[in-house]
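Novice:
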Amino acid sequence: MTPREAAELLKKGELVVFPTETVYGIGAIASSDEAVQKIFQSKGRPQHNPLILHISELRQLDSLVENIPEDAHRLIAAFWPGPLTICFRKKKTVSDLVTAGLPTVCIRMPDHPVAQELLRAVGEAVAAPSANLSGKPSSTRFQDAVRQLTQSGVSFLDGGDTQYGLESTVVDCSGDHVEVLRPGIISAEDLSQVIGKPVRTQIRHEDITSPGQLLNHYAPSGTLTVLYGPRSWRREWIHEHVKKGEAFVGFVGDLEQLSDVQHSLRVAENEEDLKGYAATLYGFLNWCDEEGADSIVLELPEGPHPLIEALLNRLEKASGGNVIRPSDAS
Ligand code: TXA
Ligand code: MG
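Letter 219 of the sequence shown, counting from 1, is numbered 218 in numbering that gives the first Met the number 0, and no numbers are missing.
#1: Which same chain residues end up closer than 6 Å to A34 when comparing Cβ atoms and leaving out the 5 residues on each side of it in sequence?
#2: The beta strand (DSSP E) that contains P332, what's its start and end?
#3: Look at the alpha carbon of K274 and the alpha carbon of T139, and state the distance between them as a whole number of angstroms.
#4: State the CB to CB distance for the pair V153 and V16, rounded to an integer number of angstroms; the pair is presumed to be in contact (CB under 8 Å).
#5: For the pair the segment 275-290 and the segment 163-173, tell me if three or more CB-CB distances fall below 8 Å.
#6: Buried or exposed, going by whether 16 or more other CB atoms sit within 10 Å of the CB of A267?
#7: Quick check: does the Cβ of R331 come within less than 7 Å of any heavy atom belonging to the ligand TXA?
#8: Hey, is the segment 139-149 in contact with the segment 107-127, meaning 3+ C-beta pairs nearer than 8 Å?
#9: L50 to E239, Cα distance in whole Å?
#10: Give me whichever residues DSSP pairs with G24 in a beta bridge.
#11: Indicate, with yes or no, if the ligand MG has a heavy atom lying under 7 Å from the CB of P128.
#12: Does the separation of the CB atoms of D70 and G282 fall below 8 Å?
#13: So does the segment 282-294 actually touch the segment 173-183, counting three or more Cβ pairs closer than 8 Å?
#14: Would you check if the segment 55-63 and the segment 130-139 touch, i.e. whether three or more CB-CB distances between them fall below 8 Å?
#15: How many Å lie between A6 and L156 at the Cα?
#16: Return helix, strand or coil for T139, following the three-state DSSP convention.
#17: Kindly list the residues whose CB is nearer than 7 Å to the CB of E56, restricted to its own chain and excluding five residues on each side of it in sequence; keep chain order.
#18: What alpha helix (DSSP H) runs, 4 residues minimum, are completely inside the segment 226-286?
#19: I need the straight-line Cα distance from D95 to A218, nearest angstrom please.
#20: How about E20: is its Cβ closer than 7 Å to a heavy atom in the ligand MG?
#21: Could you tell me how far apart the beta carbons of V113 and P2 are, in whole angstroms, since I believe they sit closer than 8 Å?
#22: Which residue marks the beginning of the beta strand (DSSP E) containing V104, and which one marks its end?
#23: Grab me the residues of E346's own chain with a C-beta within less than 6 Å of its C-beta, minus the 5 sequence neighbours each way, in chain order.
#24: Does the beta-carbon of S137, which I'm using as the reference point, lie nearer than 7 Å to any heavy atom of the ligand MG?
#25: Please go through the segment 27-101 and give each complete alpha helix (DSSP H) segment of 4 or more residues, from N-terminal end onward.
#26: In whole angstroms, what separates the C-alpha of W79 from that of S263?
#27: What does DSSP give as the partner residue(s) for T224 in the beta ladder?
#28: Hey, could you find the ends of the alpha helix (DSSP H) L118 is sitting in?
#29: So the beta strand (DSSP E) L180 belongs to, where does it begin and stop?
#30: Classify G100 as buried or exposed, calling it buried when 16 or more other Cβ atoms lie within 10 Å of its own Cβ.
#31: Among V193, D160, S326, K90, whose alpha-carbon lies nearest the alpha-carbon of P18?
As C-alpha cells, then:
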C-alpha cells in the first residue's frame, strides 16, 4: 500500500498503522468520532486516556488550538517536525473523544517521510496513539505492529524499523509553567535551552496531568527484571541468577560471561550506546513476547546520559517497578 492509498482509507474513516520516526502509530481521522472510537476498540485502550494529533503543516494548528503561547512558538521553531508533542488549550472543534474530555490537546508534527506524505495527502489532523495493544510494548518494527494489531478494518503501511525507538517527549505549554509530561528523545535541558527558562520535569503521582502516565505500560507478558548498574555487577548478577535456558536476556556489548544463556539479544553495541539501546528496546520486548518468554532480564548501563531519564521511565513501567540497582542486590 502507498501513503496515498492509506490516506484514502483514513478519509473513509478506517484505521491505518503507519511509521513515524519514534514508534509506529495507529491513526484515524480526528474529525470523525466514529473513526476515533475504532482506535480505542482496536487497542483495548481505556477511554480516559487521550490521543495525540498528528499534523503536516503549521497552519493546521489554527483550527485546533485556542492560542500558541510564545514558549510553544519557540519549541515549534526548534523541534518541528520531530519527536516533540506539545500540549495546547484546545478549540471546541477538537472532539472530547480525542482529548478524553480534557480542555487541552496534544499535537505533533512527525519527521518521517512516509508519515509526512500520508498526513499531507489526508490534509487534516490524524489522531494516533502508538501501534500496540494497550499496556503492551510499542512497535518499532513493522512486524510487531502487524502481530499485535492484525484485525479486520486495520491497514498497515510498512516503513521498516523506526529511527529513535522511544515515543515523543510530551511537553505541556497550556498552563503557567512549561512542564514535561512524558520524557523522551528531546530532554528537559534541550527544551529549557530553547525557551530560556527552566522546564518542570517532576512527575508526582498525586499530580498527574497526563492520564497515560497512570497506566501499566510497555509491559511484555513475561516477568521483566532490569539490571541498572555497572557492567561488572550486572554480569555477576546474571551469572548467579540466570540458569541455562531459563531467561531471555537483553545484553549490552559483548557476550562475555553469558555463554550459559540460550536466548539472548544484543540491545546496544556498548555502554555508551544508549541511542542504539532506545532504538532496539521495544523490538527486544516484542521478540520476548513472540518467543513466549516467561522470564526476561535486561541490562541497562548506568551513568549520566541524555536518554537515561526516558529509558528509566519506560523500563520502570515495563517491569512494574522491577528495576534492580547494586545496593538492592541480595
Ligand atoms: O511518539 C509518539 O508520541 C507516538 C507516535 C505514534 O506519534 N504516539 C504516542 O501516543 O506515543 P500514545 O497515545 O501512546 O501516547 C500519548 C501520551 C499518552 O500518555 C497520553 O495520556 C498523553 O500523551 N496525552 C495525550 N493527550 C493529552 C492531554 N491532552 N493532556 C495530557 N496528556 C495527554
Ligand atoms: Mg503508547
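Ideal placement from N, C-alpha and C gives every residue a C-beta, glycine not left out.
Quick caveat: nothing in here was measured; it's all calculated off a predicted structure.
Specialist: Taking the definition as stated:
#1: Within the sequence shown, numbered from 1, the residue matching residue 34 stands at position 35. Excluding residues within five positions, the ones whose Cβ falls inside 6 Å are G12, A27, I28.
#2: The requested residue 332 is not part of the displayed model; the chain covers only 0 to 329.
#3: On the sequence shown, position 275 is the one that residue 274 refers to. On the sequence shown, position 140 is the one that residue 139 refers to. So the alpha carbons of these two residues sit roughly 14 Å apart.
#4: In the sequence shown, the residue the question calls residue 153 occupies position 154. In the sequence shown, the residue the question calls residue 16 occupies position 17. Contact flag correct, Cβ pair sits at about 6 Å.
#5: yes
#6: Here residue 267 corresponds to residue number 268 of the sequence shown, with the count starting at 1. Buried: at least 16 other Cβ atoms inside 10 Å.
#7: An answer regarding residue 331 cannot be provided, because it is not within the stretch 0 to 329 covered by the chain.
#8: no
#9: Walking along the sequence shown from the start, residue 50 turns up at place 51. Walking along the sequence shown from the start, residue 239 turns up at place 240. When rounded, the distance between both Cα atoms is 43 Å.
#10: The sequence position of residue 24 within the sequence shown is 25, counting from 1. Looking at the DSSP assignment, G24 forms a beta bridge with F17, S129.
#11: Looking up residue 128 in the sequence shown gives position 129. Yes.
#12: Counting from one through the sequence shown, the residue named residue 70 turns up at place 71. Counting from one through the sequence shown, the residue named residue 282 turns up at place 283. No, the Cβ-Cβ distance between D70 and G282 is not below 8 Å.
#13: no
#14: no
#15: Residue numbering aside, residue 6 sits at position 7 when the sequence shown is read from its first letter. Residue numbering aside, residue 156 sits at position 157 when the sequence shown is read from its first letter. Taking the straight line joining both Cα atoms gives about 10 Å.
#16: Locating residue 139 in the sequence shown gives position 140, where the first residue counts as 1. Here T139 sits in coil by DSSP.
#17: Here the question's residue 56 lines up with position 57 in the sequence shown. So no residue of the chain qualifies.
#18: 230-240
#19: Locating residue 95 in the sequence shown gives position 96, where the first residue counts as 1. Locating residue 218 in the sequence shown gives position 219, where the first residue counts as 1. Rounded to the nearest angstrom, the two C-alpha atoms are 28 Å apart.
#20: Your numbering for residue 20 matches position 21 in the sequence shown. No.
#21: Sequence index remark: in the sequence shown, residue 113 carries index 114 (1-based). Sequence index remark: in the sequence shown, residue 2 carries index 3 (1-based). Yes, V113 and P2 are in contact; Cβ-Cβ is about 6 Å, under 8 Å.
#22: Here residue 104 corresponds to residue number 105 of the sequence shown, with the count starting at 1. Its beta strand (DSSP E) spans residues 103-107.
#23: Any property of residue 346 remains undetermined from this structure, which presents the chain solely from 0 to 329.
#24: Working through the sequence shown from its first residue, we reach residue 137 at position 138. Yes.
#25: 32-42, 69-78, 95-98
#26: As a position in the sequence shown, residue 79 is number 80, starting the count at 1. As a position in the sequence shown, residue 263 is number 264, starting the count at 1. In a straight line, the C-alpha of W79 is about 37 Å away from that of S263.
#27: Position 225 of the sequence shown, counted from the start, is the residue given in the question as residue 224. In DSSP, T224 forms a bridge with V296.
#28: To locate residue 118, count along the sequence shown from 1; it is residue 119. Segment 112-121, the alpha helix (DSSP H) holding L118.
#29: The residue labelled residue 180 in the question sits at position 181 within the sequence shown. From DSSP, the beta strand (DSSP E) with L180 extends over 178-181.
#30: In the sequence shown, counting from the first residue as 1, residue 100 sits at position 101. Exposed, since its Cβ has fewer than 16 Cβ neighbours within 10 Å.
#31: The residue given as residue 18 occupies position 19 in the sequence shown. For P18, the nearest C-alpha among the options comes from D160.
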